[in-house]
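For the sequence shown, numbering that gives the first Met the number 0 begins at 0 and goes up steadily by one. These notes are about the structure you will find just below.
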Amino acid sequence: MSAMMTNLSSDDKMRDIQTDELIMNNNTDINYYPARTLATPITATGIGLHSGKEVTLTLRDAPIGTGIVFVRTDLDNAHIPMSATLIQDTMMSSNLVAGDARVGTVEHLLSAVSACGLDNLYIEVNASEIPIMDGSAAPFLFLIDEAGVAEQPAPKAFLKIKKTVRVTDEDKWAELAPYDDGFLMHFEIDFNHAAIKATEQTTSLDFSTANFAREVGQARTFGFLKDLEMLKKHNLALGGSMDNAVVLDETSVVNGELRYPNEFVRHKMLDAVGDLFVIGHNIIGKFNAYKSGHALNNALIRAVLADDSAYEIVTNYDKNSCPIAFIPPKNPLKNEGF
């Protein structure tokens, strides 16, 4: 059984072209900023947020040009390549669907993969969703740190935004705009709930491995007790607990202290990092959003890819000019608390 798509989408074609460019450039430029994968495989188990079942996850190194590929080990190793056009379900999370295979709740893991600058990776999972762990990206950052990062003999490819692209849904909106010096992010939420309104509902991030780990990576998903019964009737949130989310009743947080004073909006930023990474590359540009979620984030990525004049693939950064500071292979995240 194979879940590989036979018709190439625009971003799949971009990946194929880019693979040829990476291999060609490998022979001509010895000062490039290198592509990255894992140094060694690593395995963890956890509970699926929606299934409530135990899930085994293995992160494994992959060759140059592979990209990020999910492998359903319970479905004859069906492959699901990370692609914006394969995000087919954004209810409560981001879910990739290819043929008969799907893998859900990918955004927290992908945010950590993006933050560590990994380009080529096999993500093996024996169920239809990534384990929720503690509801943040911190456990996935820890796994990557434990496995180690390996540089590869090819230049790292970035997607650079060339013009502003915006998508809207009533009063909600999200946009990507040009910015040459890295990846700046700004996010604003507007929840009419006493506990959330009592916190700052805006946050910004100058994207790097260390900044993500310190400022965003530990922010947990959040949910409301009043919604739990309805979700479970639809076979959702069966694995949700006080240990993997910030839980709110009508007025307050019911399961302890927040990890950040504005943990709610920081988690929305974390989600956006993962949602945007399905574009297949780390982004050079500026992201701004108001009340955006998984669906709007994916719509933004699709809008960028649909306009050839909105972006370019850049591989000409060297180790001194790379505009994003990724974790060096021999300088792990331990100084960030992982």
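Just so you know, even glycine gets a beta-carbon here, dropped at the ideal spot from N, CA and C.
Practice prompt. Put Leu175 into one of helix, strand or coil per three-state DSSP.
Written response: Residue mapping note: residue 175 aligns to position 176 of the sequence shown, counting from 1. DSSP, read as helix, strand or coil, puts Leu175 in strand.
Worksheet item: Just to check, is the beta-carbon of Pro80 closer than 6 Å to a non-hydrogen atom of the ligand PLP?
Response: With respect to the ligand PLP, the structure shown offers nothing to examine, as it has no ligands at all.
Discussion item. Cutting at 7 Å between CB atoms, please list the residues of its own chain near Ser92, excluding the five before and the five after it.
Written reply: Walking along the sequence shown from the start, residue 92 turns up at place 93. A distance below 7 Å between beta-carbons, with the five flanking residues on each side excluded, links Ser92 to the following residues of its chain, in chain order: Gly103, Thr104, Glu106, His293.
Item to complete: Would you grab the beta carbon distance between Ile129 and Leu56 for me? Rounded to a whole angstrom, and I think it's under 8 Å.
Response: The residue given as residue 129 occupies position 130 in the sequence shown. The residue given as residue 56 occupies position 57 in the sequence shown. Leu56 and Ile129 do touch by the CB rule: their CB atoms are close to 6 Å apart, below 8 Å.
Item to complete: Report the partner residues of Val102 according to the DSSP bridge assignment.
Response: Position 103 of the sequence shown, counted from the start, is the residue given in the question as residue 102. In the DSSP secondary-structure assignment, Val102 is bridged to Leu95.
Worksheet item: Could you give the residue range of the alpha helix (DSSP H) that holds Ala302?
Response: In the sequence shown, the residue the question calls residue 302 occupies position 303. Per DSSP, Ala302 belongs to the alpha helix (DSSP H) from 293 to 304.
Practice prompt. List the DSSP bridge partners of Ile160.
Written response: Stepping through the sequence shown from its first residue, residue 160 is reached at position 161. In DSSP, Ile160 forms a bridge with Tyr310.
Item to complete: Can you tell me which of Pro331, Thr314, Ala298 puts its alpha carbon nearest to the alpha carbon of Gln355?
Response: For the chain, the structure presents residues 0 to 337; residue 355 sits outside this window and is missing.
Worksheet item: Does the count of Cβ pairs from the region 141 to 152 and the region 264 to 281 closer than 8 Å reach three?
Response: They do not touch, by the three-pair rule.
Worksheet item: The alpha helix (DSSP H) with Thr208 in it runs from where to where?
Response: Looking up residue 208 in the sequence shown gives position 209. Note, Thr208: alpha helix (DSSP H), 208 to 214.
Practice prompt. Compute the distance between the beta-carbons of Lys159 and Asp118, then report whether it is under 7 Å.
Written response: Position 160 of the sequence shown, counting from 1, holds the residue named residue 159. Position 119 of the sequence shown, counting from 1, holds the residue named residue 118. No, these two residues do not count as a Cβ contact at 7 Å.
Worksheet item: Counting pairs of Cβ atoms below 8 Å between the region 282 to 293 and the region 225 to 240, do you hit three or more?
Response: Touching, no, given that fewer than three Cβ pairs across the two stretches are closer than 8 Å.
Discussion item. Please report the straight-line C-alpha distance between Leu109 and Thr250, rounded to a whole angstrom.
Written reply: Along the sequence shown, one-based indexing puts residue 109 at 110. Along the sequence shown, one-based indexing puts residue 250 at 251. Taking the straight line joining both Cα atoms gives about 32 Å.
Fill in: DSSP bridge partner residues for Pro80 (one or two, in chain order)
In the sequence shown, the residue the question calls residue 80 occupies position 81. According to DSSP, residue pairing for Pro80 in a beta bridge involves Val68.
Worksheet entry | Delimiting residues of the alpha helix (DSSP H) encompassing Arg59 | The residue you call residue 59 lines up with position 60 of the sequence shown. Per DSSP, Arg59 belongs to no alpha helix (DSSP H); it is in the beta strand (DSSP E), 53 to 60.
Item to complete: Give the secondary structure of Arg258 by DSSP, where H, G and I count as helix, E and B as strand, and everything else as coil.
Response: Stepping through the sequence shown from its first residue, residue 258 is reached at position 259. Coil, per DSSP.
Practice prompt. Would you decide whether Asp270 is buried or exposed? Buried here means 16 or more other CB atoms lie within 10 Å of its CB.
Written response: Within the sequence shown, the letter at position 271 stands for residue 270. It is buried - the Cβ of Asp270 has at least 16 other Cβ atoms within 10 Å.
Worksheet item: CB-CB under 7 Å to Asp248, same chain, minus the five flanking residues each way: which ones, in chain order?
Response: Counting from 1 along the sequence shown, the entry for residue 248 is found at position 249. Counting only residues of its own chain and dropping the five nearest sequence neighbours on each side, Asp248 has a CB closer than 7 Å to the CB of Leu224.
Worksheet item: Buried or exposed: where does Asp170 fall if 16 or more other Cβ atoms within 10 Å of its Cβ makes it buried?
Response: Indexing the sequence shown from 1 puts residue 170 at position 171. Exposed, because fewer than 16 other Cβ atoms sit within 10 Å of the Cβ of Asp170.
Discussion item. Quick test of the definition: if touching needs 3 or more C-beta pairs under 8 Å, does the region 95 to 102 touch the region 67 to 85?
Written reply: With a cut-off of 8 Å, the region 67 to 85 and the region 95 to 102 count as touching, because enough Cβ pairs lie within range.
Fill in: Met90, enclosing beta strand (DSSP E) - first and last residue
Start at 1 with the first residue of the sequence shown, and residue 90 comes out as number 91. It is not in any beta strand (DSSP E) - Met90 carries neither H nor E in the DSSP assignment.
Worksheet item: How many whole angstroms separate the CB atoms of Val313 and Ile278, which I take to be in contact at a CB cut-off of 8 Å?
Response: Within the sequence shown, numbered from 1, the residue matching residue 313 stands at position 314. Within the sequence shown, numbered from 1, the residue matching residue 278 stands at position 279. Under the criterion of beta carbons closer than 8 Å, Val313 and Ile278 do not qualify as touching, at roughly 13 Å.
Item to complete: Verify whether the separation of the beta carbon atoms of Gln217 and Ser135 is less than 7 Å.
Response: What you label residue 217 is simply residue 218 of the sequence shown in a count that begins at 1. What you label residue 135 is simply residue 136 of the sequence shown in a count that begins at 1. Inclusion of Gln217 and Ser135 in the CB contact set at 7 Å is warranted, their separation being smaller than that value.
Worksheet item: Using CA coordinates, which residue listed in Thr220, Met241, Asn30 is at the minimum distance from Asn261?
Response: Taking the sequence shown and counting its residues from 1, the one referred to as residue 261 is at position 262. Comparing alpha carbon positions, the residue from Thr220, Met241, Asn30 closest to Asn261 is Thr220.
Discussion item. On the criterion of 16 or more Cβ atoms from any shown chain inside 10 Å, does Ala83 qualify as buried, or is it exposed?
Written reply: Working through the sequence shown from its first residue, we reach residue 83 at position 84. With 16 or more neighbouring CB atoms inside 10 Å of its own CB, Ala83 falls in the buried class.
Worksheet entry | Pair within 7 Å by beta-carbon distance, Thr208 and Ala114 | In the sequence shown, counting from the first residue as 1, residue 208 sits at position 209. In the sequence shown, counting from the first residue as 1, residue 114 sits at position 115. Contact: yes.
Worksheet item: Going by other Cβ atoms of all chains shown within 10 Å of its Cβ, with 16 needed for buried, is Met241 buried or exposed?
Response: Here residue 241 corresponds to residue number 242 of the sequence shown, with the count starting at 1. With fewer than 16 other Cβ atoms from the protein chains shown falling within 10 Å of its own Cβ, Met241 counts as exposed.
Item to complete: Keeping to the same chain, check which residues put their C-beta closer than 6 Å to that of Ile67; ignore five residues upstream and five downstream.
Response: Mapped onto the sequence shown, residue 67 falls at position 68. Excluding residues within five positions, the ones whose Cβ falls inside 6 Å are Met81, Leu120.
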